[in-house]
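Heads up: the structure comes next, in structure tokens.
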Amino acid sequence: MIEKDNRLPLYYQLMDELLGKIESGELAEQEQLPSERELCESYKVSRTTVRQTMQELEKGGYIYKVHGKGSYVSPKTYKQSLVEFYSFTEEMKKIGKQPSTKVVSFEKVPCESTVGKKMNLTAEDEVYKITRLRLADRDPMIYETSFVPVGRFQHLTKEELEITPMYEVFRSKYDVNITRALESFNAVSAQAVEADMLTIEEYSPCLRLERITFEENDVIEYTISIARGDKFTYTVELK
198 MIEKDNRLPL
208 YYQLMDELLG
218 KIESGELAEQ
228 EQLPSERELC
238 ESYKVSRTTV
248 RQTMQELEKG
258 GYIYKVHGKG
268 SYVSPKTYKQ
278 SLVEFYSFTE
288 EMKKIGKQPS
298 TKVVSFEKVP
308 CESTVGKKMN
318 LTAEDEVYKI
328 TRLRLADRDP
338 MIYETSFVPV
348 GRFQHLTKEE
358 LEITPMYEVF
368 RSKYDVNITR
378 ALESFNAVSA
388 QAVEADMLTI
398 EEYSPCLRLE
408 RITFEENDVI
418 EYTISIARGD
428 KFTYTVELK
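Numbering (the working numbering), first residue to last: 198 to 436.
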């Protein structure tokens with residue numbers, strides 16, 4: 198509870214109290230917080246103290262405001278290290294989430310020049326263009342487009358990718374040994390199609406990840422991913 202004779206500022210004490218409820222799950226993701234008036238009455242503090250508390254919580258990304266409606270608990274973000282090779286499916290399982298994949302489109306197309314430069318292929322080569330929506334507990338997380346060389350993955354099908362993670366298919370069906378991957382990322386705004394698939398507002402902040410995956414010196418996958426900015430935090434360890 199708030200202690201008036203405590204040397205800590207009142208807003209800081211209130212912030213600590215609300216953070217405790219958020220971290221314990223007493224205040225769940227997307228749950229609306231009590232109004233300013235209710236917080237003033239519950240904790241016997243001024244409206245100025247409450248407003249300062251809410252400003253600090255919003256700055257820290259713990260809550261978000263909806264104009265005319267109030268403040269809500271922010272969805273939890275998933276921390277993803279970029280130090281080593283990772284799989285969306287395996288990472289979601291590690292944190293107790295149920296991963297799933299929806300194959301939005303699957304087609305065999307000629308390799309266009311931009312993709313060809315990334316994959317060391319020519320216009321005479323064919324690639325599978327695979328668009329997928331990655332979900333965790335049925336919540337859309339990442340919208341991605343992958344290019345995979347047909348020559349290395351003959352007879353790859355949409356049906357098997359709908360029930361089995363792509364890297365698992367690579368290993369079990371094609372005996373692939375992934376040796377390394379290059380990944381770069383930058384901040385972008387969600388465009389109409391991406392926003393629709395990820396169930397977010399158009400122009401919402403997102404992260405664009407570009408991955409090139411190798412088997413020895415051969416590129417076996419080139420993927421562009423759009424990850425929700427409110428769901429992911431990517432970290433790099435510097436030594």
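The beta carbon of each residue, even a glycine, is placed where N, CA and C say it ideally should be.
In the structure shown, T245 falls within a helical segment according to DSSP collapsed to helix, strand and coil.
Non-local beta-carbon contacts of Q295 in its own chain, meaning distances under 6 Å to residues more than five positions away in sequence, involve D334 in chain order.
Cβ neighbours of R244 within its own chain (closer than 7 Å, five residues either side excluded): E233 and C237. Judged by DSSP secondary structure, E380 falls within the beta strand (DSSP E) whose first and last residues are R377 to S386.
Taking a cut-off of 8 Å for Cβ pairs, the region 416 to 432 and the region 325 to 343 touch, as three or more such pairs fall below it.
One Cα belongs to P362, the other to Y261, and the distance between them is close to 34 Å.
Segment contact: the region 374 to 382 against the region 390 to 399, fewer than three CB-CB distances shorter than 8 Å; contact not assigned. With the rule of 3 Cβ pairs closer than 8 Å, the region 250 to 266 does not count as touching the region 284 to 293. When the beta-carbon positions are compared, V347 and Y325 come within less than 8 Å of each other.
If you check the CB distance, S386 and P402 come in under 8 Å. A distance below 7 Å between beta-carbons, with the five flanking residues on each side excluded, links M212 to the following residues of its chain, in chain order: T250, E253 and L254. Membership of V312 in the alpha helix (DSSP H) is indicated by the continuous run S310 to M316. Distance from the Cα of K273 is smallest, within the candidate group G265, Q227 and V312, for Q227. Within the model, the alpha-carbon separation for G217 versus E223 is close to 8 Å.
Around the CB of S369, fewer than 16 other CB atoms lie within 10 Å, so the residue is classed as exposed. Here the C-alpha atom of S310 lies approximately 32 Å from the C-alpha atom of T432. With a beta-carbon spacing of about 4 Å, T328 and S302 fall inside the 8 Å limit used to define contacts. Within the same chain, Cβ atoms closer than 6 Å to the Cβ of E407 are found at S381 and I421, the five residues on either side in sequence being excluded. Beta-bridge partners of K262 (DSSP): S268. Ranked by how close their Cα comes to the Cα of E418, the residues K305, V345, E356 and L330 have V345 in first place.
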